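One structure is given here, and the rest of the page talks about it.
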Amino acid sequence: MRLIAFPSLLSALISLAMALFVLVRVPRRLSHWAFILGLLSLFVLEMGNFWVLQSGAPQEILFWKRISLVGEIFLPASWLLFSLVLARSNHRAGLDRWRWVLGVVFLTSLGFLGLTPADDFLREPQPDPGSLGLDAIPLGRAGYLFYQFFLLGAVLILANLEHTLRSLVEPRRSQVKLLLLGVGGLFAFSIYLSGQALLYSQLRLSDLPLASSVHLVCLGMVIVSLARYGLLQAEVFVSRQVVYHTLTFLIAGGYLLAVGLLAQGLRSLGEGLAPDMGPFLVFLASLGLVAFFLSARYQSRIRVFIGTHFYRNKYDYRSLWQRFTERLGPTLSVEEILSLAKGLLLETLGIQRIHFWLYDHPRKRFCLMHPRNLPPRTGGGGLKEGNGLVQYLFQVNRPVTQEELRENPALRPIWEENCALLESLESSAWVPLVAGERKIGLMTLGKGASGKGFDHEDCELLKALSVPISHHLLAARLAEELIATKQVETFSRLAAFVLHDLKNFTSSLSLVVQNARASWEEPDFRQDALGTISNIAARMKGLIDRLSVSSVTGLQRRPVDLNALISETLQRLNGARKIAFLPSDRPLPLAEVDGDEIQKVILNLVLNAHEAILDQGKVTIRTEAQNGWVTFAVTDEGCGIPEEVMADSLFLPFKTTKDQGTGIGLYQCKRVIEAHQGEIEVESQPGRGSTFRVKLPVMKVTRN
1440 MRLIAFPSLL
1450 SALISLAMAL
1460 FVLVRVPRRL
1470 SHWAFILGLL
1480 SLFVLEMGNF
1490 WVLQSGAPQE
1500 ILFWKRISLV
1510 GEIFLPASWL
1520 LFSLVLARSN
1530 HRAGLDRWRW
1540 VLGVVFLTSL
1550 GFLGLTPADD
1560 FLREPQPDPG
1570 SLGLDAIPLG
1580 RAGYLFYQFF
1590 LLGAVLILAN
1600 LEHTLRSLVE
1610 PRRSQVKLLL
1620 LGVGGLFAFS
1630 IYLSGQALLY
1640 SQLRLSDLPL
1650 ASSVHLVCLG
1660 MVIVSLARYG
1670 LLQAEVFVSR
1680 QVVYHTLTFL
1690 IAGGYLLAVG
1700 LLAQGLRSLG
1710 EGLAPDMGPF
1720 LVFLASLGLV
1730 AFFLSARYQS
1740 RIRVFIGTHF
1750 YRNKYDYRSL
1760 WQRFTERLGP
1770 TLSVEEILSL
1780 AKGLLLETLG
1790 IQRIHFWLYD
1800 HPRKRFCLMH
1810 PRNLPPRTGG
1820 GGLKEGNGLV
1830 QYLFQVNRPV
1840 TQEELRENPA
1850 LRPIWEENCA
1860 LLESLESSAW
1870 VPLVAGERKI
1880 GLMTLGKGAS
1890 GKGFDHEDCE
1900 LLKALSVPIS
1910 HHLLAARLAE
1920 ELIATKQVET
1930 FSRLAAFVLH
1940 DLKNFTSSLS
1950 LVVQNARASW
1960 EEPDFRQDAL
1970 GTISNIAARM
1980 KGLIDRLSVS
1990 SVTGLQRRPV
2000 DLNALISETL
2010 QRLNGARKIA
2020 FLPSDRPLPL
2030 AEVDGDEIQK
2040 VILNLVLNAH
2050 EAILDQGKVT
2060 IRTEAQNGWV
2070 TFAVTDEGCG
2080 IPEEVMADSL
2090 FLPFKTTKDQ
2100 GTGIGLYQCK
2110 RVIEAHQGEI
2120 EVESQPGRGS
2130 TFRVKLPVMK
2140 VTRN
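Using my numbering, read the sequence shown as starting at 1440 and increasing by one per residue.
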C-alpha cells in the first residue's frame, strides 16, 4: 500500500465504523438516518479515492474515481437533510418549508448518478508531472455542472449549520459545537476543492491526500462530540452586534494574515515543506480560529470590551431584558427555569459557577439546589432565614459582592459568619430573588468572563435580570402548589366515596343489630343475619379490590329482573321494618345493567328514605314498565327536601343537609344511572315526603 493513500483508507474506515456505531447503539430518528447516510457516502468517496491512489493505469484511475463520485454525489443531499433536522425540536415544520429544495437536490443527485459512467462527466486522465506524481482528470460538461451543484449544496449546508448554532443557547450550544464544526469544516474545504475543479476544469488527484487529511480532522471533531454528548436531538444607532462582528472579522483577518506570513516564511526557509500542504495549514488555522470565536467565554469578553470602550453603557439592557423574557416565557417547571437562567447568565456575563438557593417557607430556610457536586461545607442543609448575610441581602434588595462584604467594616460580622461558605462556593456576588414582597431565593455567582469581580454596571444588570427570574420562579412554584392542592382534593374526593360506601355497609349492619334484639331466638332470622353479614363482608372485599386496581373498570352489564334485584337488596337489610315493596302487577321486561352498581343505587335511596322518616312513617318501593323503560320509585313520608336544595345542589358532590352525611350518595347514584343511559327524577313536598324515580332502558332484543 502506498503511504500517500493511507489517509483515504483511514478516513473510509472511520466513516464506516461511525455509521455502524450510530446504527447499532443510538435510537434511530430522522437525524440519525441522515447522519448514517452521510457517513456511508463519505465512506464510498474515500474508498474510491484510496483505490485511485493505489492504481497506476489511467483506465483504473478513471474507474475508481467514478466509484468515488457515487459517494460524492450523495454528500449534498444527505448532509443537507441532516443540517435541517439536527437539534431542531420542530424539524417537521422546517422540512415542510424545504421539501421542494430537498426533492430537487435528491432528484438531481440521482440524475448525476446516472451520468457517472459517461465520458461527458469525466474524461480520460492525462499524465501530470506534479510533485506527487499523480494525474489530473479533465471534467466534462456534466462534471462541470455537478461541481456547480455541489458548491451550491455545500453553501446551503453551511448556512443551515450556522442557523442551528446561532439558535442554540448555552449549555446546549457548547454540546453541539464540535459536531457542527466537524461537519461544517468538511464542506468548507469541499467548497475550496470545488472551486479549484471549476477554475481549472479538472480534478487534481494530488488534492486527494490533502482532502482525506482534512476529513480525518473533521471526523475526529465529530467523534469527540459523539463521545461526550451523543447525537443531539431536542436600533437606530450602530448596534453592538455590528461592532462585535466587525471587530471579529478584523481579528480574524489579522490572524489569518499572520498565519499566511508564517506559512510563507516556512516555505522560504524549509525545503521539506510540501507545496500542497499550504491549504491544509490554512484550513487548520481557520478551524482553530472558528473554534476560538465560538467560545462562550470569548464572546462574553469581547461584548464587555465593546460595551466598555465604544458605548456609554456596558450592556444593552433593552435587548438583554427582551431575550431573558422571551426565553423564560414558555417554561413551566422550576428546574427548567433554573437551567435556562444559568445558560442566559453564562451567555451574557460568562459566569461559569452559578448556584440557586430557593426559599423553603415551612422550614424558614434557603435550600441549595443540586448541591451534589459541591463540598459538604457549602451549606447543603440550607441557610437559615436569620443568617446575617440573608437578612442584609433582602434588606438592601440588590446584588452584594464579596469585596463589599470583606472591605466594609460595618459588614465585617457578616463576612466572618459566612467566610467558609463564601470561599467554598468561590462566589463573587450574591443576588436576592424577590417577587413583589415575597422572598423567592438567592443566586450565588462566581467570577465573570473577565476573571475579576463585578463592578457597578454588572450589579445593575444582575439586579435587572433577577426580576424576570424571580417572577417566573414564583409562577412555577404557585403552579406546583396548585397541582399538589388538586392532588389532595382528588384524594379527598376518593376518600369521601369510599367512606360513603362504608357508611352504607355500617347502616346495613346496624339494622341487623337492631332487629336481632327482638328476633334473635328465631332460627330463620339468625340464618338471614349470617347471610347478610357474609354478603356485606364480600362487598367490602370487592371495594378493596376495586381500590387496588390502577384504572376504573367498565360496567359489567347482564340481563337483570329489576323486581328480583330489589327483593335481593331488601333481604340484605334483613327484614327492616317500615319498608314496603309493591312490585308491578305485570312481569317487567329485563334491563341490561350492572347489577352490583344498581344495587348500590337502590340501597342508597332506601337508606336515605329510612333515615328521613325517623321511625314515624314508612318507605314504599314501586316498579313498573312504560314507554321502553323499567322504573322503580322510592317514596318516603319524611320531612321532604328544601326547595333551595332541590333547585341548586341536590346532586352536587359534598353537598348535604344531614349532620352525618358525606354529600356523596345522590351524586354517586346520578353518575351510575347516567352511565346506564338512564334517568333519575325527584319529586318532593316539604312536610309530606319525597319520591326518587329511576328509569332504566329496557334490554333490546335482537332476532337472528
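Backbone N, C-alpha and C define an ideal beta-carbon position, used for all residues, glycine too. Since the structure is predicted, the reported quantities are computational estimates derived from the model, not experimental observations.
Looking at the structure shown, is residue i part of a helix, part of a strand, or coil, going by DSSP?
i: D1558; result: coil
i: R1845; result: helix
i: H1910; result: helix
i: V1951; result: helix
i: K2139; result: coil
i: Q2010; result: helix
i: E1485; result: helix
i: E1710; result: Only weak support exists for where E1710 lies, its pLDDT of 45 falling under 50; the coordinates are left without a value.
i: E2118; result: strand
i: T1992; result: Low local confidence applies: a pLDDT of 49 at T1992 is under 50, so the model's placement there is unreliable, with the coordinate-based value given in what follows. T1992: coil per DSSP, three-state reduction.
i: H1809; result: coil
i: H1800; result: coil
i: G1880; result: strand
i: G2128; result: strand
i: P1446; result: helix
Starting from the Cα of residue i, find the closest Cα among the options and give me that residue.
i: V2073; options: P2081, E2083, I2080, T2062; result: T2062
i: S1507; options: R1464, L1523, T1555; result: T1555
i: L1861; options: G1875, E1846, Q1841; result: Q1841
i: G2067; options: D2024, K2039, E2118, K2017; result: E2118
i: A1666; options: G1623, V1615, A1650, L1649; result: V1615
i: A1859; options: R1845, V1870, P1871; result: R1845
i: L1619; options: L1632, A1627, L1600; result: L1600
i: K2134; options: R2127, Q2124, G2128, E2120; result: E2120
i: P2081; options: S1613, V2111, S1447, S2123; result: S2123
i: I2037; options: G2104, S2023, H2049, D2075; result: G2104
i: R1562; options: L1484, E1499, F1521, G2056; result: E1499
i: P2136; options: R2127, D1894, S2129, I2112; result: I2112
i: V1835; options: E1856, L2044, V1873, N1857; result: V1873
i: L1644; options: L1941, I2005, G1487; result: G1487
i: L1637; options: E1960, R1932, R1580; result: R1580
i: F1626; options: R1538, E1511, V1543; result: E1511
Would a C-beta distance cut-off of 8 Å place residue i and residue j closer than the cut-off?
i: L1386; j: S1652; result: For the chain, the structure presents residues 1440 to 2143; residue 1386 sits outside this window and is missing.
i: F1944; j: L2001; result: no
i: E1865; j: G1885; result: yes
i: V1524; j: L1469; result: yes
i: S1454; j: L1658; result: yes
i: F2090; j: L1904; result: no
i: F1936; j: Q2107; result: yes
i: G2056; j: G2079; result: no
i: L1822; j: W1796; result: yes
i: G1477; j: L1514; result: yes
i: A1444; j: L1492; result: yes
i: V1509; j: L1546; result: no
i: G1623; j: L1649; result: no
i: D2033; j: R1978; result: no
i: V1951; j: T1924; result: no
i: L2029; j: I2060; result: no
Whose C-beta lies closer than 8 Å to the C-beta of residue i among residues of the same chain, with five residues either side of it excluded?
i: Y1831; result: V1839, L1850, I1853
i: Q1641; result: A1575, I1576, P1577, L1578
i: R1751; result: Residue placement at R1751 is poorly supported in this model, since its pLDDT is 45, which falls under 50; the coordinates still yield a value, given next. Contacts found: none.
i: M2085; result: V2121, S2123
i: R2005; result: According to the sequence shown, residue 2005 is Ile rather than Arg. Cβ neighbours of I2005 beyond the five flanking positions: F2020, P2022, I2041, I2060, T2062, F2071.
i: M1808; result: L1777, H1794, F1795, W1796, L1797
Leaving out the 5 sequence neighbours to the left and right, which residues in its chain are closer than 7 Å to residue i when beta-carbon positions are compared?
i: A1915; result: L1771, S1772, V1773, I1776
i: L2042; result: N1943, T2008
i: K1878; result: Y1798, F1833
i: A1780; result: I1908
i: P1446; result: P1648, S1651, S1652, L1655
Looking only at its chain, what residues have a beta carbon closer than 6 Å to the beta carbon of residue i, apart from the 5 residues adjacent to it on each side?
i: F1482; result: A1451, S1454, L1455
i: C1898; result: P1838
i: S1633; result: Y1586, F1589, L1590
i: L1518; result: Correcting the residue identity first, residue 1518 is Trp in this sequence and not Leu. Cβ within range, chain order: G1477, I1596.
i: A2048; result: V2058, V2073, D2075
i: A1496; result: none
i: W1537; result: L1523
At 4 residues or longer, and completely inside the region 2026 to 2092: list those alpha helix (DSSP H) runs for me, N to C.
2034 to 2052, 2082 to 2087
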